[in-house]
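*Asks:* Taken in order, the sequence shown gives residues -20 to -1, 1 to 532; the numbers are from mature numbering (1 follows the signal peptide of the UniProt record, and there is no 0). Note that the Cβ used here is the ideal one computed from N, Cα and C, for glycine as well. These numbers were taken from a predicted model, which means no experiment stands behind them. Quick one: the structure is below, and I'll ask about it shortly.
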Amino acid sequence: MRRALALVGLALVLALTACTGLPTSGYVNPGRGPQVDDTQAFAFVPDGPQDDASPAEIVEGFLRAGSGPADDWATAKLFLASGTQWDPRARVTIDRLADRRAAANADGTGVTVALTTVAGVDANGAYAPTASGTAESLSFTLARVDDQWRITSAPDGVVLYEEVFPTVYQSASIAYFDPTWSFIVPDVRWFPRALVASRVATALVDGQPSAWLAGAVKTAFPDELSLVGRSVTLSSSGVAQVQLPRTALSLDRTTLDRMQTQLSKSLVTAGISEVQMTVEGTPVPASEVSVRVTRVDPSPAVLTTAGAFGALAGDTVESLGGLSEAIESLAPAAVELEADRSLAAVRTQQGAVASALADGRTFLLDDRPGLIAPTIDAEGAIWSVPASAPTQLRTISAEGVPRNVGNAWPDASEITAMQISRDGTRVAAIVTVSGTREVWVAGIQREGGEVDLGVPHVLSFSQQGAFDLAWLDDTTVGVLADVDGASRLRELNVGGRGTEAAAPDGATTLAAGSTSVRVLDDAGRLYSRRGSSWTLVATGIRVLAAQQGTTS
């Protein structure tokens, strides 16, 4: 296959030596970022059908042409017979390069493609991994057209090798609000790179949150409001404009400001820094609203081996007043702090879950056997669950009033760790299903005083040796694992791909930092990672606390 880069205003084709497929390793560097309209700024330019190609070669070429979304996949459509229906936007199947095989039947009128999938992206841009080694087959029918083979029936969607997918598609976050309109909650999606801005705007204004997140977030855009056109245009002053219908002018200023906030927060992830809503070319008066930050306090919160709890500053631990005293009195094995440091959730060394308050009071909340480390939600309630009974998840007020959580981790036989996101809308957990540890995330749904979890979304189907978990940022869940005696840190994107790297030997606890990742080992050494390097921060630490954010 020949590859080239198509640049705006310049027809430049780089002819490479002939080969039979896409690159087998590495990524193509696209150079420029996404543009604000649907012009193809850069792309693979795959070959069209070759004369006298066999049925299998036609199908293979058609699949390779899925890497070229220019002009609505015009090149791929050259492989189709006239009148053949095929929707390339229906989904993306992401597969392994080495495992794809195409085989034609005896008369050439049918071709079956066997592949091993690693993930998929649905029509809304939502990414989901598949179980390791998932086999799939695609069936095509062909006919002779003007003495050449052409496809008469093809499965909707495109198929991309996992090495090629992030070059053709780009991730962006659709910005929603939490139910209190206080936080922005990102819903990560994937769209063709050159179409990303317009697809983001369409997904926000005309679409819905991802299925697993529905019910946990809010949008300011009314259901009856739709984009005018399907593109984001660029004004003469360089401002991206989103066209809305006249009905937008009847909305109150608070709603318009929230809409502006969602658009700005969404499109900035597509590379657009300034956005303006317009009606018939006239700007709509609106400005962004203030939202709460979800970063963590830059000072780690720790319990030393000497029994002192507080904020680590250099070689000293600064007390948090009555809260520190309350935590110390509970002899903690695990601690999580509320954002304003007025409350802590504690698992004691005896295995009970308790609350510690800034006024020095403590409350025993849960004494069921086998409890895992608790977590705090945005309303100041503490979540607690036995490791062997994931469905028995409870949320308990700081002073001890319990409430069962509905639809908690169905089909899981064990839960190892869990934490609520700092925006309060999602909870992530390491669970065991049919003997295999997996990482799930679910939306937190509240209605009429009831609390339920939405349908779980799998971040990873196989997490060998996973034992601790933390939200590292708004879209990344970190997982500590022990693999054959070696500590590993896996970073799973909520709506995308993950990475894995070494962690300090003997790692026991993972926590987020303001700009770093923190790990405590079994010898009481606290490490911080910036970039790829781990730095020793302190020794003599017994507990590294999780933090639900910061007030500053």
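For leucine -5, does the count of other Cβ atoms within 10 angstroms reach 16, so buried, or fall short, so exposed?
*Replies:* With a pLDDT of only 29 at leucine -5, under the threshold of 50, the placement of this residue in the model should not be trusted, and no figure is reported.
*Asks:* Could you compute how far the alpha carbon of glycine 13 sits from the alpha carbon of arginine 173?
*Replies:* Here glycine 13 scores only 32 on pLDDT, less than 50, and its place in the model is too uncertain to base an answer on.
*Asks:* Over what stretch of residues does the beta strand (DSSP E) that includes phenylalanine 289 continue unbroken?
*Replies:* Per DSSP, phenylalanine 289 belongs to the beta strand (DSSP E) from 289 to 293.
*Asks:* Using only the alpha-carbon positions, how far apart do valine 407 and valine 457 sit?
*Replies:* Cα to Cα, valine 407 sits roughly 10 Å from valine 457.
*Asks:* Following the continuous beta strand (DSSP E) through arginine 275, name the residue where it begins and the one where it ends.
*Replies:* Element bounds for arginine 275: n/a, residue is neither H nor E.
*Asks:* Which word fits alanine 220, buried or exposed, when buried means at least 16 other C-beta atoms lie within 10 angstroms of its C-beta?
*Replies:* The residue in question, alanine 220, is buried, as its Cβ has 16 or more Cβ neighbours within 10 Å.
*Asks:* Can you grab the Cα-Cα spacing for the pair arginine 417 / valine 98, in whole Å?
*Replies:* Between arginine 417 and valine 98, the C-alpha separation is close to 18 Å.
*Asks:* In angstroms with no decimal places, state the Cα-to-Cα distance between alanine 155 and aspartate 339.
*Replies:* For alanine 155 and aspartate 339, the distance between alpha carbons rounds to 37 Å.
*Asks:* Ends of the alpha helix (DSSP H) at alanine 177?
*Replies:* Unbroken alpha helix (DSSP H) run through alanine 177: 176 to 186.
*Asks:* Alpha helix (DSSP H) containing glutamate 305: first to last residue?
*Replies:* First-last of the alpha helix (DSSP H) with glutamate 305: 302 to 309.
*Asks:* Do you know how far the Cα of arginine 44 is from the Cα of glutamine 444?
*Replies:* The straight-line gap from Cα to Cα measures roughly 34 Å.
*Asks:* Could you spell out the range, first to last residue, of the alpha helix (DSSP H) harbouring alanine 50?
*Replies:* Element bounds for alanine 50: 50 to 57.
*Asks:* At which residues does the alpha helix (DSSP H) containing alanine 332 begin and terminate?
*Replies:* Premise fails: alanine 332 is in no alpha helix (DSSP H) and is neither H nor E.
*Asks:* Using CA coordinates, which residue listed in Val297, Glu308, Gly331 and Thr396 is at the minimum distance from proline 280?
*Replies:* Comparing Cα-Cα distances from proline 280 to each of Val297, Glu308, Gly331 and Thr396, the minimum goes to Val297.
*Asks:* Taking Cβ positions, are valine 144 and glycine 529 nearer each other than 8 Å?
*Replies:* Not in contact: valine 144 and glycine 529 (Cβ atoms no closer than 8 Å).
*Asks:* Is the beta carbon of threonine 342 closer than 8 Å to that of alanine 334?
*Replies:* Going by C-beta atoms, alanine 334 is nearer than 8 Å to threonine 342.
*Asks:* Please report how far the alpha carbon of valine 259 lies from the alpha carbon of glycine 187, in whole angstroms.
*Replies:* When rounded, the distance between both Cα atoms is 20 Å.
*Asks:* Where does threonine 519 sit, in a helix, a strand or coil, going by DSSP?
*Replies:* Coil.
*Asks:* Could you tell me which uninterrupted beta strand (DSSP E) segments, each at least 3 residues in length, are contained entirely in the region 420 to 493, listed from first to last along the chain?
*Replies:* Runs of the beta strand (DSSP E) inside the region 420 to 493: 430 to 433, 437 to 440, 446 to 453, 456 to 463, 466 to 473, 478 to 482 and 487 to 492.
*Asks:* Quick one: measure Cβ to Cβ for threonine 355 and glutamine 399, integer angstroms, because I've assumed they're closer than 8 Å.
*Replies:* Yes, threonine 355 and glutamine 399 are in contact; Cβ-Cβ is about 5 Å, under 8 Å.
*Asks:* Considering just the uninterrupted stretch of the beta strand (DSSP E) at arginine 233, what are its terminal residues?
*Replies:* Careful: arginine 233 lies outside any beta strand (DSSP E), inside the alpha helix (DSSP H) at 233 to 248.
*Asks:* Less than 8 Å separating the beta-carbons of glutamate 285 and arginine 468?
*Replies:* Reading off the sequence, residue 285 comes out as threonine, not glutamate. It is not a contact, given that the beta carbons lie outside the stated cut-off.
*Asks:* What separation, rounded to the nearest whole angstrom, lies between the Cα atoms of methionine 239 and valine 248?
*Replies:* Each residue's alpha carbon lies about 14 Å from the other.
*Asks:* Starting from aspartate 501, follow its DSSP beta bridges and name the residues at the other end.
*Replies:* Bridge partners of aspartate 501: Ala487.
*Asks:* Leaving out five residues before and five after glutamate 254 in sequence, what residues of the same chain have Cβ atoms less than 6 Å from its Cβ?
*Replies:* Cβ within range, chain order: Val219.
*Asks:* Let me know if glycine 428 comes out buried or exposed under the rule of 16 or more other beta-carbons within 10 Å of its beta-carbon.
*Replies:* Glycine 428 is exposed by the Cβ-count criterion.
*Asks:* Which value, in whole angstroms, describes the spacing of the CA atoms of glycine 100 and leucine 224?
*Replies:* Going from the Cα of glycine 100 to the Cα of leucine 224 covers about 32 Å.
*Asks:* Run through the DSSP bridge pairs and tell me what isoleucine 400 is partnered with.
*Replies:* In DSSP, isoleucine 400 forms a bridge with Val407.
*Asks:* By the 10 Å Cβ neighbour count, where 16 or more other Cβ atoms means buried, how is glycine 209 classified, buried or exposed?
*Replies:* Label assigned to glycine 209: exposed.
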